[in-house]
Amino acid sequence: MKISPLYHLLAGSLALLALSGFAIKATATETDKRVDSAWSDAEISMLRSLSLHSLTPLQADPSNAVADDPRAAALGQKLFFDPRLSANGEVSCASCHQPDRYFTDGLGQAQGIATTPRGAPTLLGASYYAWFFWDGRRDSQWAQALGPLESGQEHGGTRVEFARLIVADPVYHAEYETLFGALPDLSDIKRFPKQAGPSAERNITDAWNAMSAGDRQLVTRIFVNIGKSLAAYERLLMPGPGRFDNYVEALQEHNAAAMEEAMTANEVAGLKLFVGKAMCIRCHNGPLFTDQGFHNIGVPFAEGLHLDWGRYQGVQKALKDEFNCLSEYSDASQEDCTELRFAKTLKDETIGAFKAPTLRNVAATAPYMHSGQFADLDAVLDHYNKATTSRKAPIGHSDLLPINLTAEELVQLKAFLHTLTGPPAVAPYNTSGISPTNPNRIR
Amino acid sequence: MRNKNPMSTGKRFPAFFLLAIGLCLGACSDEKPVSDTPAAVTSKPETAQGTPNAAGNTAKGPTMTEVGKNGLFQVTIQSDEAPLPLNRIHSWTARITTPEGRIVDDAILMVYGGMPEHKHGFPSKPEVTANLGDGRYRIEGVKFNMPGRWEMWFNVRALDQDDKVIISFDVP
């Protein structure tokens, strides 16, 4: 039987097609190999653990019964942006935690009524932490939120004033009662002085101490519920993925083109340093790039500021705090309060230590360190690069080890840090019912 | 070693074994426990308190066993949770026996730990919170804040004899 030339042609074409198909596949496999071989299996697993996609769902806060109640978040959001919650009617939580600055303020030392000694950290992802403030002196997000309200340098208000605002404002009043039950009548100025509460000002503290224990508790309960509502809102503030997260996703999919699109060679080299030679990963790990621990890294005191004991003092304050997890105002049972009950207090390991901040959006949230000691990332990296084996620190001992990065490596590391910037995932604004110019100020 | 072992003479240990617990790394010496509470001394091992876990509800970690440097005591530990959680306080159970398997149910025990490679201790302060009987002890307050090699150190004191047990493991 004679085979037609057409058949040969067809068979040949099929063979060619099959071959070319095979060739394409082989090329793709080689590319995968080349792309992936830049990372060891252990490194890939480490990168995956840093990706925002690895962030586990936020756990319940047993100390706050309304932590995940959307009605509390709605009330908390209004309170967050309301400057009436201050002595001069100009300071709200959003003054220092500005949404368009990743909930920071661009300052080394936060500015409220006056200048504070420390910087306002981002709130994005903060609800994952066990400890709040740079020194961890509060152990819940709601207790943290109460600190600035009563601080003379920040909001500068008093407990009675905040409680009275909730009672007087019809929107707050209604929303509060839906969540927490009937509000008391605070109109008797003799029982509830205009300004009273724990304060650095003697007359305000005296007025507070002159109130009956029952009345103080009535007021404090409202004050606490303000904090719990603020925390319910803050729990919705999460960081969004940056180019680094896209890179890890592409790496897992062996997608070389997407990897190259996500990060430059320089940035990838910086990432290599981050998880390797530069040892950043020791403290800046997990999807939020923080171990949430307290470390002494030998940062100099900020100009005009003196001895700061950091965590050593912070943990003592938390243990005695009137709003801690074991307090009457916490909704948690004793079993829930393990962070507080087993808090490390050892002087050697806590003195001069401050909380490792998240590095999410770090390139967009200068200046750095607890009092803004470093103006830019170059200064930060320079500090780490100058670490010596002497472990010298202004107070206590530095945890840092020498890393000996070259000038080129410092550039690469800095480039990598820029890939952690991403649009925040935040709750939509809804400030209906309040106006920044509302004349009903607390004072 | 074995001949010197006081436990080899048989029976369970008398009730005056002491168990103390504390935490620190490196700088702490065996003789100076950080634990400040005389209450850590238990004289009635029979008063075992409850059970650490409802069996079967959650997966527990694998058991890990080491004998002390002096060959006197053997510690077996097990996490209440598997895989080991990061950045969350959780509990473990320790079981103390002699290397021959005799139960040590009243002693002073100190637990330390950390990441020796990184020269830091636990980010929390683990403590032994209960003597559960049968040589088992409840350890609460354990927290790991980064993946890698961690160690738990146990100083066991019983019948005026001390031993130090180090157990290493990886946190994924």
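Protein chains in written order, with the working numbering: chain A, 18 to 460; chain B, 11 to 182. Each residue gets a CB set at the ideal place from its N, CA and C atoms; glycine is no exception. Since this is a predicted model, take the numbers as computed values, not measurements.
Cutoff 9 Å: L203 (chain A) Cβ touching any chain B Cβ: Position 186 of the first sequence, counting from 1, holds the residue named residue 203 (chain A). No, no contact with chain B.
Own chain, CB closer than 7 Å to Y385 (chain A), minus 5 neighbours either side, in chain order: For the purposes of this step, residue 385 (chain A) is identified with residue 368 of the first sequence, where counting begins at 1. Within the same chain, Y385 (chain A) has close Cβ partners F391, V397.
Pairwise C-alpha distance: A89 (chain A) and A432 (chain A): In the first sequence, the residue the question calls residue 432 (chain A) occupies position 415. In the first sequence, the residue the question calls residue 89 (chain A) occupies position 72. In a straight line, the C-alpha of A432 (chain A) is about 40 Å away from that of A89 (chain A).
Contacts around F154 (chain B), its chain only, beta-carbon distance under 7 Å, and the 5 residues preceding and following it disregarded: As a first step, residue 154 (chain B) is located in the second sequence; it is residue number 144 there, counting from the start. Around F154 (chain B): L94, L96, W160, V181.
Straight-line gap, A217 (chain A) to H400 (chain A) (C-alpha atoms, nearest Å): On the first sequence, position 200 is the one that residue 217 (chain A) refers to. On the first sequence, position 383 is the one that residue 400 (chain A) refers to. Taking the straight line from one Cα to the other gives about 36 Å.
Anticipated Cβ contact below 8 Å, N313 (chain A) with G389 (chain A), distance rounded: Within the first sequence, the letter at position 296 stands for residue 313 (chain A). Within the first sequence, the letter at position 372 stands for residue 389 (chain A). Not quite, the Cβ-Cβ distance comes to about 18 Å (not below 8 Å), so this is no contact.
Beta-carbon neighbours of N155 (chain B), restricted to chain A and to distances below 7 Å: Stepping through the second sequence from its first residue, residue 155 (chain B) is reached at position 145. What N155 (chain B) touches in chain A: D308, Q309, G310.
7 Å Cβ shell around Q161 (chain A) - same chain, five flanking residues per side excluded: Residue 161 (chain A) sits at position 144 when you count from the first residue of the first sequence. Excluding sequence neighbours, Q161 (chain A) sits near F149, F150, R155.
Assigned secondary structure, N67 (chain B) (DSSP; H/G/I helix, E/B strand, else coil): By one-based count along the second sequence, residue 67 (chain B) stands at place 57. In this predicted model, N67 (chain B) has a pLDDT of only 46, less than 50, meaning its place in the structure is not dependable enough to derive any value.
Nearest residue (CA-CA) to S246 (chain A), options A:V443, A:W159, A:D262, A:Y346: Here residue 246 (chain A) corresponds to residue number 229 of the first sequence, with the count starting at 1. Selected option, being the one with the closest Cα: A:W159.
Complete runs of the alpha helix (DSSP H) confined to the stretch 298-357 of chain A [at least 4 residues]: 328-337
For W148 (chain A), the first and last residue of its enclosing beta strand (DSSP E): Translated into the one-based positions of the first sequence, residue 148 (chain A) becomes position 131. Careful: W148 (chain A) lies outside any beta strand (DSSP E) and carries neither H nor E.
DSSP bridge partner residues for I118 (chain B) (one or two, in chain order): One-based indexing of the second sequence puts residue 118 (chain B) at position 108. DSSP lists B:R167 as partners of I118 (chain B).
Option in A:S66, A:R252, A:I221 with minimal Cα separation from D86 (chain A): Taking the first sequence and counting its residues from 1, the one referred to as residue 86 (chain A) is at position 69. Measuring from the Cα of D86 (chain A), the nearest candidate turns out to be A:R252.
Inter-residue spacing [alpha-carbon to alpha-carbon] between T405 (chain A) and W326 (chain A): Numbered from 1 along the first sequence, position 388 holds the residue referred to as residue 405 (chain A). Numbered from 1 along the first sequence, position 309 holds the residue referred to as residue 326 (chain A). Rounded to the nearest angstrom, the two C-alpha atoms are 22 Å apart.
Helix, strand or coil at M63 (chain A) [DSSP, three-state]: Your numbering for residue 63 (chain A) matches position 46 in the first sequence. It is helical.
8 Å contact criterion, which G123 (chain B) and P136 (chain B) should meet: CB distance rounded: Stepping through the second sequence from its first residue, residue 123 (chain B) is reached at position 113. Stepping through the second sequence from its first residue, residue 136 (chain B) is reached at position 126. Confirmed, about 7 Å.
Distance between A424 (chain A) and R358 (chain A) (C-alpha atoms, nearest Å): Translated into positions along the first sequence, residue 358 (chain A) becomes position 341. Translated into positions along the first sequence, residue 424 (chain A) becomes position 407. Rounded to whole angstroms, R358 (chain A) to A424 (chain A) spans 45 Å at the Cα level.
Close-in-space but distant-in-sequence residues of the same chain around A199 (chain A) (CB under 7 Å, 5 per side omitted): As a position in the first sequence, residue 199 (chain A) is number 182, starting the count at 1. Answer for A199 (chain A): no residue qualifies.
Sub-9 Å separation of P3 (chain A) and T375 (chain A) beta-carbons: In the structure displayed, chain A extends from 18 to 460; residue 3 (chain A) sits before or after that span and is not available.
Buried or exposed by the 16-neighbour rule on C-beta atoms within 10 Å, applied to A131 (chain A): As a working mapping, residue 131 (chain A) is identified with position 114 in the first sequence. A131 (chain A) is exposed by the Cβ-count criterion.
Local conformation of Y385 (chain A) per DSSP, three classes: Locating residue 385 (chain A) in the first sequence gives position 368, counting from the first residue. Looking at Y385 (chain A) - three-state DSSP - the assignment turns out to be strand.
Contact list for the stretch 91-119 of chain B against chain A, Cβ threshold 7 Å: L96, N97, I99
Segment contact, 8 Å Cβ cut-off, at least three pairs: the stretch 87-107 of chain A with the stretch 167-185 of chain A: yes
Distance between V379 (chain A) and E366 (chain A) (C-alpha atoms, nearest Å): Residue 366 (chain A) sits at position 349 when you count from the first residue of the first sequence. Residue 379 (chain A) sits at position 362 when you count from the first residue of the first sequence. The alpha-carbon atoms of E366 (chain A) and V379 (chain A) are separated by roughly 26 Å.
Cβ shell of L418 (chain A) (< 8 Å), same chain only, five flanking positions each side left out: The count along the first sequence starts at 1 and reaches residue 418 (chain A) at position 401. So the qualifying residues of the chain are M296, A404, T406.
Residue range of the unbroken beta strand (DSSP E) whose run includes Q88 (chain B): Taking the second sequence and counting its residues from 1, the one referred to as residue 88 (chain B) is at position 78. Unbroken beta strand (DSSP E) run through Q88 (chain B): 84-89.
Local conformation of N402 (chain A) per DSSP, three classes: Here residue 402 (chain A) refers to the residue found at position 385 when the first sequence is read from its first residue. N402 (chain A): helix per DSSP, three-state reduction.
Neighbourhood of M63 (chain A) by C-beta distance below 6 Å, restricted to the same chain and skipping five residues each side: By one-based count along the first sequence, residue 63 (chain A) stands at place 46. Here the set comprises V292.
Chain A contact for P133 (chain B) (CB, 9 Å cutoff): Against the second sequence, residue 133 (chain B) aligns to sequence position 123. So, interface residue.
Secondary structure of K431 (chain A), DSSP reduced to three states: In the first sequence, the residue the question calls residue 431 (chain A) occupies position 414. Correct three-state label for K431 (chain A): helix.
L322 (chain A) to Y147 (chain B) span [Cα, whole Å]: Looking up residue 322 (chain A) in the first sequence gives position 305. Looking up residue 147 (chain B) in the second sequence gives position 137. Distance between the alpha carbons of L322 (chain A) and Y147 (chain B) is about 47 Å.
Beta-bridge partners of A140 (chain B), as assigned by DSSP: Numbered from its first residue, the second sequence carries residue 140 (chain B) at position 130. In the DSSP output, where bridge partners are listed per residue, A140 (chain B) has B:R148.
Status (buried if at least 16 other CB within 10 Å, exposed otherwise) for L290 (chain A): Working through the first sequence from its first residue, we reach residue 290 (chain A) at position 273. The residue is buried, with at least 16 neighbouring Cβ atoms inside 10 Å.
Buried or exposed by the 16-neighbour rule on C-beta atoms within 10 Å, applied to S347 (chain A): Along the first sequence, read from residue 1 onward, the residue named residue 347 (chain A) stands at position 330. Under this definition S347 (chain A) is a buried residue.
Straight-line Cα distance separating G287 (chain A) from E277 (chain A): As a first step, residue 277 (chain A) is located in the first sequence; it is residue number 260 there, counting from the start. As a first step, residue 287 (chain A) is located in the first sequence; it is residue number 270 there, counting from the start. Going by the C-alpha atoms only, they are around 14 Å apart.
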